[in-house]
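Student: Residue numbers (the UniProt record's numbering), protein chains in the order written: chain A, 1 to 112; chain B, 1 to 946. Here a beta-carbon is modelled for each residue, glycine too, at the ideal position from N, C-alpha and C.
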Amino acid sequence: MEFLVASAVGVLTGAGIYLILRLRTFPVILGLALLSYAVNVFIFASGRIAIGLPPVLSYDDRDYSDPLTQALVLTAIVISFGMTAVIVMMALGSFLETGDDGIDMTDGEDRR
Amino acid sequence: MSLALIVALPFLGAFLPGLMIRSGRNACAVSAGAITSLALVMLGLHAPAVLRGEVIQTRIDWLPQLGLNANFFLDGLGLLFAGLILGIGLLIILYARFYLDRRDPMGQFYTYLLLFQGAMVGIVLSDNILLLLVFWELTSLSSFLLIGYWKHLPEGRQGARMALTVTGMGGLAMIAGMLILGQIVGSYDLSVILQNKEAIQASDWYLPALILILLGAFTKSAQFPFHFWLPHAMAAPTPVSAYLHSATMVKAGLFLMARLWPVLAGTPEWFYIVATTGLVTMVVAAKIALFKDDLKALLAFSTVSHLGLITMLLGFGTQAAATVAVFHIINHATFKAALFMVAGIVDHSTHTRDLKLLGGLRRAMPITFAITTIAALSMAGIPPLNGFLSKELMLEEASHTVWAGIPWLLPVLATIGALFSVAYSFRFLGHTFLGQPRSQLDHPHDPSVGLWGAPAFLTLLVVLIGLFPMLSAAWLIDAAASAVTGEAVAVNIYHWHGFTAAFWMSVIAILGGFVLLMLHAPLNRLWLATPRPEAKRIFDGIVEPLAALARGLTQRLHDGALTRYFAIATVAIVAAGFAAFLGGAHSPGLRPETPVEIVPLIGWFLLIASAAAIVSFHRNRLLALVLVGVIGLIVSVGFAYLAAPDLALTQISVEVVTVILLLLALNFVPKTTPFESTRLRRGRDGVIATLAGLGSGALIYALMMRDSAFPSISGYHLANAKTEGGGTNVVNVILVDFRGYDTFGEIVVLGIAALVIFALTEAILRAGPANDRLLTWVQDQRDAGDRHPLMLVVATRMVLPVAIMVGVYIFLRGHNEPGGGFIAGLVVAIALVMQYMASGFAWTEARQRVDYHALIAAGVLIAGAAGVGAWFTGTAFLTSDFGYVTLPPLAPFELATAMIFDAGVFLTVLGAVMLALASISRIALRAGEKVNTAPYDTDLPDGEVR
Numbered sequence: 001m002e003f004l005v006a007s008a009v010g011v012l013t014g015a016g017i018y019l020i021l022r023l024r025t026f027p028v029i030l031g032l033a034l035l036s037y038a039v040n041v042f043i044f045a046s047g048r049i050a051i052g053l054p055p056v057l058s059y060d061d062r063d064y065s066d067p068l069t070q071a072l073v074l075t076a077i078v079i080s081f082g083m084t085a086v087i088v089m090m091a092l093g094s095f096l097e098t099g100d101d102g103i104d105m106t107d108g109e110d111r112r
Numbered sequence: 001m002s003l004a005l006i007v008a009l010p011f012l013g014a015f016l017p018g019l020m021i022r023s024g025r026n027a028c029a030v031s032a033g034a035i036t037s038l039a040l041v042m043l044g045l046h047a048p049a050v051l052r053g054e055v056i057q058t059r060i061d062w063l064p065q066l067g068l069n070a071n072f073f074l075d076g077l078g079l080l081f082a083g084l085i086l087g088i089g090l091l092i093i094l095y096a097r098f099y100l101d102r103r104d105p106m107g108q109f110y111t112y113l114l115l116f117q118g119a120m121v122g123i124v125l126s127d128n129i130l131l132l133l134v135f136w137e138l139t140s141l142s143s144f145l146l147i148g149y150w151k152h153l154p155e156g157r158q159g160a161r162m163a164l165t166v167t168g169m170g171g172l173a174m175i176a177g178m179l180i181l182g183q184i185v186g187s188y189d190l191s192v193i194l195q196n197k198e199a200i201q202a203s204d205w206y207l208p209a210l211i212l213i214l215l216g217a218f219t220k221s222a223q224f225p226f227h228f229w230l231p232h233a234m235a236a237p238t239p240v241s242a243y244l245h246s247a248t249m250v251k252a253g254l255f256l257m258a259r260l261w262p263v264l265a266g267t268p269e270w271f272y273i274v275a276t277t278g279l280v281t282m283v284v285a286a287k288i289a290l291f292k293d294d295l296k297a298l299l300a301f302s303t304v305s306h307l308g309l310i311t312m313l314l315g316f317g318t319q320a321a322a323t324v325a326v327f328h329i330i331n332h333a334t335f336k337a338a339l340f341m342v343a344g345i346v347d348h349s350t351h352t353r354d355l356k357l358l359g360g361l362r363r364a365m366p367i368t369f370a371i372t373t374i375a376a377l378s379m380a381g382i383p384p385l386n387g388f389l390s391k392e393l394m395l396e397e398a399s400h401t402v403w404a405g406i407p408w409l410l411p412v413l414a415t416i417g418a419l420f421s422v423a424y425s426f427r428f429l430g431h432t433f434l435g436q437p438r439s440q441l442d443h444p445h446d447p448s449v450g451l452w453g454a455p456a457f458l459t460l461l462v463v464l465i466g467l468f469p470m471l472s473a474a475w476l477i478d479a480a481a482s483a484v485t486g487e488a489v490a491v492n493i494y495h496w497h498g499f500t501a502a503f504w505m506s507v508i509a510i511l512g513g514f515v516l517l518m519l520h521a522p523l524n525r526l527w528l529a530t531p532r533p534e535a536k537r538i539f540d541g542i543v544e545p546l547a548a549l550a551r552g553l554t555q556r557l558h559d560g561a562l563t564r565y566f567a568i569a570t571v572a573i574v575a576a577g578f579a580a581f582l583g584g585a586h587s588p589g590l591r592p593e594t595p596v597e598i599v600p601l602i603g604w605f606l607l608i609a610s611a612a613a614i615v616s617f618h619r620n621r622l623l624a625l626v627l628v629g630v631i632g633l634i635v636s637v638g639f640a641y642l643a644a645p646d647l648a649l650t651q652i653s654v655e656v657v658t659v660i661l662l663l664l665a666l667n668f669v670p671k672t673t674p675f676e677s678t679r680l681r682r683g684r685d686g687v688i689a690t691l692a693g694l695g696s697g698a699l700i701y702a703l704m705m706r707d708s709a710f711p712s713i714s715g716y717h718l719a720n721a722k723t724e725g726g727g728t729n730v731v732n733v734i735l736v737d738f739r740g741y742d743t744f745g746e747i748v749v750l751g752i753a754a755l756v757i758f759a760l761t762e763a764i765l766r767a768g769p770a771n772d773r774l775l776t777w778v779q780d781q782r783d784a785g786d787r788h789p790l791m792l793v794v795a796t797r798m799v800l801p802v803a804i805m806v807g808v809y810i811f812l813r814g815h816n817e818p819g820g821g822f823i824a825g826l827v828v829a830i831a832l833v834m835q836y837m838a839s840g841f842a843w844t845e846a847r848q849r850v851d852y853h854a855l856i857a858a859g860v861l862i863a864g865a866a867g868v869g870a871w872f873t874g875t876a877f878l879t880s881d882f883g884y885v886t887l888p889p890l891a892p893f894e895l896a897t898a899m900i901f902d903a904g905v906f907l908t909v910l911g912a913v914m915l916a917l918a919s920i921s922r923i924a925l926r927a928g929e930k931v932n933t934a935p936y937d938t939d940l941p942d943g944e945v946r
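#1: What's the gap between the Cα of Pro711/B and the Cα of Leu649/B?
#2: Please confirm if Gln62/A has its CB atom under 9 angstroms from at least one CB of chain B.
#3: Please return the same chain residues whose Cβ sits closer than 6 angstroms to the Cβ of Val240/B, not counting the five positions on each side in sequence.
#4: Can you confirm whether the region 17–25 of chain A touches the region 67–78 of chain A when touching is taken to mean that 3 or more C-beta pairs between the two stretches lie within less than 8 angstroms?
#5: Count the other C-beta atoms from every protein chain shown that fall within 10 angstroms of the C-beta of Trp604/B, then say buried if there are 16 or more, exposed otherwise.
#6: Considering only residues of the same chain and omitting the five flanking positions on each side of Leu516/B, which have a CB-CB separation below 6 angstroms?
#7: Taking a cut of 8 angstroms between CB atoms, which residues from the region 573–596 of chain B lie near chain A?
#8: Name the residues in the region 662–673 of chain B whose C-beta lies less than 8 angstroms from a C-beta of chain A; which are they?
#9: Using the Cα positions of Phe768/B and Trp777/B, report the straight-line distance between them to the nearest angstrom.
#10: Could you round the C-beta distance between Leu339/B and Ala375/B to whole angstroms and report it? I think they count as a contact, below 8 angstroms.
#11: The beta strand (DSSP E) spanning Gly57/B covers which residue range?
#12: If we ignore side chains and look at the alpha-carbon of each, how far apart do Ser23/B and Gly33/B end up?
#13: Listed in chain order, which residues of the region 809–842 of chain B have Cβ atoms closer than 8 angstroms to some Cβ of chain A?
#14: Using C-beta distances below 6 angstroms, list every residue in its chain close to Pro67/A, excluding the 5 sequence neighbours before and after it, in chain order.
#15: Would you report the Cα separation of Ala918/B and Pro670/B, rounded to the nearest angstrom?
#16: Do the region 3–18 of chain B and the region 67–79 of chain B meet, that is, are 3 or more Cβ pairs less than 8 angstroms apart?
#17: List the residues that DSSP assigns as beta-bridge partners of Tyr64/A.
#18: Measuring CA to CA, which of Asp685/B, Val656/B, Gly864/B is closest to Glu746/B?
#19: In chain order, what residues of the same chain have a beta carbon less than 7 angstroms from the beta carbon of Phe135/B, not counting five sequence neighbours either side?
#20: Would you call the region 205–214 of chain B and the region 167–182 of chain B in contact, with 3 or more CB pairs under 8 angstroms?
#21: Would Leu647/B and Phe639/B be called neighbours here (beta carbons separated by less than 9 angstroms)?
#22: So, do the region 366–373 of chain B and the region 472–484 of chain B have three or more beta carbon pairs nearer to each other than 8 angstroms?
#23: Helix, strand or coil for Ala709/B, going by three-state DSSP, please let me know.
#24: So what does DSSP say about Tyr565/B, is it helix, strand or coil?
#25: Consider the Cβ of Lys722/B: report whether some Cβ of chain A lies at a distance smaller than 9 angstroms.
#26: Pick from Leu19/B, Leu91/B, Val905/B, Asn128/B: whose alpha carbon is nearest that of Pro455/B?
Dropping the structure here:
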């Protein structure tokens with residue numbers, strides 16, 4: 001199972017980075033979304049994985065999966081929504097403003 | 001606490017004038033004045049104790065590990081300077097109210113002024129040299145804002161930049177010097193450093209520390225050869241010049257030399273560096289001042305000259321000379337600030353400050369003339385005014401100080417400096433007010449009392465100290481000089497010393513000054529004919545190539561190609577990761593692999609396939625978006641499988657809103673991505689992406705196969721969730737209790753993100769190219785045949801109450817079972833978004849009772865209030881409490897204050913998600929999306945959409 005999780009993180013990271021390196025805003029946004037998944041799963045998995053042992057206290061004497069990384073990731077998921085929404089809005093604004101959704105500045109534009 | 005409060009007050013109050021300007025210029029000035037008065041009163045309450053010789057201390061540990069503590073102390077020297085800063089500050093606030101034009105942004109001015117004031121008070125009251133350095137830099141920054149206050153004037157901007165560069169560089173040197181000093185002593189507390197004279201002067205690092213610290217002091221106090229920035233800073237409004245460049249900021253360097261005098265002074269190094277610099281500065285600047293035609297430039301160089309005089313006195317290293325230095329600091333502040341204000345008044349009423357154009361103003365401006373006469377005569381050192389007293393004492397000290405075995409050098413040069421000083425003082429007075437006007441002036445007149453009140457008050461002090469020095473100033477000089485020298489000082493100031501050397505030097509200076517002024521015209525021609533180094537040109541010659549180099553470098557690095565930055569950053573991060581991984585030691589991976597079951601394996605295949613498909617087909621944007629949704633779904637299912645039910649619930653609800661958001665946005669951007677990058681480029685990106693993927697995958701695999709190197713703090717959370725946080729869902733207890741502070745920060749960030757989205761929408765919808773594009777928007781997709789299907793509308797209406805109930809349920813059980821405010825907020829948000837989707841924006845908005853902004857604000861406030869509530873039980877912010885409540889006929893149930901906090905989380909999440917989505921909908925509305933007011937299309941006759 002560890003290998004599946006790790007490879008999933010690797011593939012999501014790779015796909016995310018590839019999309020982030022594209023020249024238009026929309027693929028970059030999708031790439032950031034993929035990268036967020038990868039990062040969230042990465043942080044989550046750094047608490048080591050367990051199956052069927054949710055961190056909800058119970059009376060029978062058993063182990064629990066790591067609650068700390070889960071708490072970290074939970075807020076990260078919500079914040080990444082906020083971040084995605086802001087970037088989407090910026091991309092939309094710049095496209096509507098200039099009619100161009102490229103993310104690299106061309107020579108004619110002011111670089112400052 | 002009270003000393004820290006005196007320092008904090010101007011900073012806290014700095015917001016007030018900025019806000020009060022809306023109630024008018026008077027309210028604005030009064031608010032600034034009230035803050036300063038309050039600080040002055042608080043200082044005054046300490047004065048009796050300090051004058052008795054006590055030292056008031058306030059100690060607040062801040063970062064004791066670094067030796068950085070917010071320690072303050074108030075002794076005689078601190079009292080003198082703080083009194084000058086706040087007292088003259090008050091006069092300047094009055095003067096500026098009437099000086100500034102109606103078009104000048106007065107709120108900004110007072111805000112900057114108070115920031116500066118706070119920084120200055122901080123310098124003089126700090127007991128920790130690191131803290132002092134912080135305030136020191138703050139004065140540089142706030143004076144930059146003040147000098148460049150008239151942003152439309154290029155001289156103002158250049159002057160501000162030059163002042164910041166020179167004093168900033170000096171500040172950097174001083175940081176190094178102070179750190180050395182702290183290292184020698186082993187403490188950064190001034191009160192400790194001041195006890196260690198022998199250790200410091202015996203250290204090999206004494207000379208480097210001395211030079212570095214003096215660099216800071218000399219640049220700040222405009223000593224030769226760093227004096228050139230001060231005249232250029234005169235482009236500032238006159239109140240700023242009067243405050244910063246005569247009474248306070250330029251004296252910060254003097255303050256520092258006086259503060260460290262007990263441990264640094266008394267060595268030959270100190271004498272030759274400090275006394276010589278001061279002497280040269282005094283003579284050179286006095287000579288230049290005589291040939292300046294601009295009133296403020298004359299005063300600027302005169303200030304430099306007087307600062308040199310005080311530096312020289314401190315440099316002598318004797319107790320008597322240091323006492324005279326303190327006396328002259330007081331006197332100079334009184335007459336020079338008054339003269340600057342006079343220059344401003346003359347400028348105001350004649351619209352020129354050029355001495356070649358002025359003259360004969362004594363009849364038109366009698367009050368100003370009277371003030372100027374007294375202040376200028378004091379500056380010239382004419383008895384019985386206060387300038388005379390300290391200058392006489394200075395000449396006395398100079399007359400018996402031997403420089404490098406040459407007994408006559410110091411007395412002669414000091415007399416020459418005094419002689420020039422007499423000449424330019426008389427020139428200031430004579431060429432402005434006496435004789436005949438040199439040009440046609442436009443009805444010069446005395447200003448209102450608002451403008452002449454402040455300088456008149458200062459002139460009164462000039463006379464008082466001059467006539468009754470023992471009564472009016474000696475007690476303050478005693479206290480301050482005792483603090484400087486570390487020994488009890490009792491001065492005895494009188495006017496007549498007999499026919500001493502100082503007397504004859506004074507006579508020579510006054511007579512010579514007269515003669516020099518008589519010869520001014522031919523001397524001025526000679527001055528203009530001789531070539532002299534232009535400091536500004538030298539400065540620009542050094543700075544401009546450096547700036548060009550920096551600009552070139554920046555432009556090469558920041559060429560605007562964002563993808564290139566990403567590529568470089570990714571490669572760098574991956575390389576750093578590889579290097580760290582290969583360079584570190586690793587334990588073998590001994591954890592057993594968790595067995596793989598068939599269903600998760602299918603999910604994994606789906607995820608890998610979707611990711612591959614996105615990379616291949618990302619040009620079809622809708623398809624790529626759907627595939628991202630698929631991946632999100634598998635990730636949430638994966639969380640559920642891997643024992644993280646809270647994450648699964650959060651991920652799936654976030655997934656829904658994210659996809660809706662992206663769909664809404666996709667409506668307005670092209671639906672496909674064109675082929676642009678070359679095959680080579682795609683290959684390169686592929687390699688980078690693969691490396692990054694391999695790196696992160698390998699890293700997390702290696703991590704999962706090993707146990708933690710250190711015990712995790714998770715065990716603590718598991719053990720104490722029930723007993724301390726009162727809940728069994730440990731994830732939720734961490735969020736709302738153990739790490740409630742972090743969560744509070746997160747919801748604030750989320751709220752800000754939503755407000756940013758709202759603001760961006762407002763910007764897009766303002767008149768402009770974006771708005772034009774929306775107004776002429778042509779839809780490139782076919783409309784759905786039935787935009788608001790009956791089935792969907794009915795279903796969402798039915799589901800709404802159920803969904804809200806589910807939300808409440810998830811919220812309530814959150815503390816003990818998977819759920820909580822985050823998830824509940826998302827679930828309710830989705831239920832509401834469904835209403836928008838089913839019946840359209842306008843229909844829904846018409847029924848919306850609560851503003852989303854208000855939801856966000858209420859959420860943050862409730863969460864904050866829940867945290868503050870803990871204070872009333874005497875515990876720290878956000879400490880939660882819980883108990884069991886019996887409410888028949890229900891079984892006893894538990895209530896925790898953390899639930900109030902969680903309710904705040906719920907409201908913020910709901911408000912933020914809704915505000916983000918509603919903002920994008922408003923863009924659609926502007927683009928001519930047809931609005932229906934009925935819940936569904938079939939209500940309308942012949943299917944027409946209204």
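Tutor: In brief:
#1: Counting from 1 along the second sequence, the entry for residue 711/B is found at position 711. Counting from 1 along the second sequence, the entry for residue 649/B is found at position 649. The alpha-carbon separation between Pro711/B and Leu649/B amounts to approximately 29 angstroms.
#2: Walking along the first sequence from the start, residue 62/A turns up at place 62. This sequence places Arg at residue 62/A; Gln is not what is there. For Arg62/A, no CB of chain B lies under 9 angstroms from its own CB, so it is not counted at the interface with that chain.
#3: Within the second sequence, the letter at position 240 stands for residue 240/B. Non-local beta-carbon contacts of Val240/B in its own chain, meaning distances under 6 angstroms to residues more than five positions away in sequence, involve Leu146 in chain order.
#4: Touching, no.
#5: Residue numbering aside, residue 604/B sits at position 604 when the second sequence is read from its first letter. With 16 or more other Cβ atoms within 10 Å, it is buried.
#6: Translated into the one-based positions of the second sequence, residue 516/B becomes position 516. Sequence-distant Cβ neighbours of Leu516/B in its own chain, meaning closer than 6 angstroms and more than five residues away, are Ala423.
#7: Residues passing the 8 angstroms Cβ filter: Arg591, Glu593, Thr594, Pro595, Val596.
#8: Flagged, chain order: Leu662, Ala665, Leu666, Phe668, Val669, Pro670, Thr673.
#9: By one-based count along the second sequence, residue 768/B stands at place 768. By one-based count along the second sequence, residue 777/B stands at place 777. Just to set this straight, residue 768/B is Gly in the shown sequence, not Phe. If I take the Cα positions, the gap works out to 14 angstroms.
#10: The residue labelled residue 339/B in the question sits at position 339 within the second sequence. The residue labelled residue 375/B in the question sits at position 375 within the second sequence. Their Cβ separation, rounded to whole angstroms, is 5 angstroms, which keeps Leu339/B and Ala375/B in contact under 8 angstroms.
#11: Position 57 of the second sequence, counted from the first residue, corresponds to residue 57/B. Sequence inspection shows Gln at residue 57/B; the Gly mentioned does not correspond to that position. Gln57/B: member of the beta strand (DSSP E) spanning 56–58, first to last residue.
#12: By one-based count along the second sequence, residue 23/B stands at place 23. By one-based count along the second sequence, residue 33/B stands at place 33. Taking the straight line from one Cα to the other gives about 15 angstroms.
#13: Within the region 809–842 of chain B, the residues whose Cβ lies closer than 8 angstroms to some Cβ of chain A are Asn816, Glu817, Pro818, Phe822, Leu826, listed in chain order.
#14: Indexing the first sequence from 1 puts residue 67/A at position 67. Excluding sequence neighbours, Pro67/A sits near Pro55.
#15: In the second sequence, the residue the question calls residue 918/B occupies position 918. In the second sequence, the residue the question calls residue 670/B occupies position 670. If you take the alpha carbons of Ala918/B and Pro670/B, they lie about 21 angstroms apart.
#16: Contact holds: three or more Cβ-Cβ distances are below 8 angstroms.
#17: Indexing the first sequence from 1 puts residue 64/A at position 64. By DSSP's assignment, Tyr64/A forms no beta bridge with any residue.
#18: Translated into positions along the second sequence, residue 746/B becomes position 746. Its Cα nearest to that of Glu746/B, the residue Gly864/B stands out among Asp685/B, Val656/B, Gly864/B.
#19: Counted from its first residue, the second sequence places residue 135/B at position 135. Here Phe135/B has Ala119, Gly122, Ile123, Ser126 as same chain residues with Cβ atoms under 7 angstroms from its own Cβ, once five neighbours each way along the sequence are excluded.
#20: Enough Cβ pairs lie closer than 8 angstroms, so yes.
#21: In the second sequence, the residue the question calls residue 647/B occupies position 647. In the second sequence, the residue the question calls residue 639/B occupies position 639. Phe639/B sits close to Leu647/B, with the two beta carbons spaced by under 9 angstroms.
#22: The region 366–373 of chain B is not in contact with the region 472–484 of chain B.
#23: Position 709 of the second sequence, counting from 1, holds the residue named residue 709/B. DSSP places Ala709/B in coil when its eight states are reduced to three.
#24: As a position in the second sequence, residue 565/B is number 565, starting the count at 1. Looking at Tyr565/B - three-state DSSP - the assignment turns out to be helix.
#25: Residue mapping note: residue 722/B aligns to position 722 of the second sequence, counting from 1. Put simply, the CB of Lys722/B is near chain A, with a gap under 9 angstroms to one of its CB atoms.
#26: The residue labelled residue 455/B in the question sits at position 455 within the second sequence. Closest in alpha carbon position to Pro455/B, among Leu19/B, Leu91/B, Val905/B, Asn128/B, is Leu91/B.
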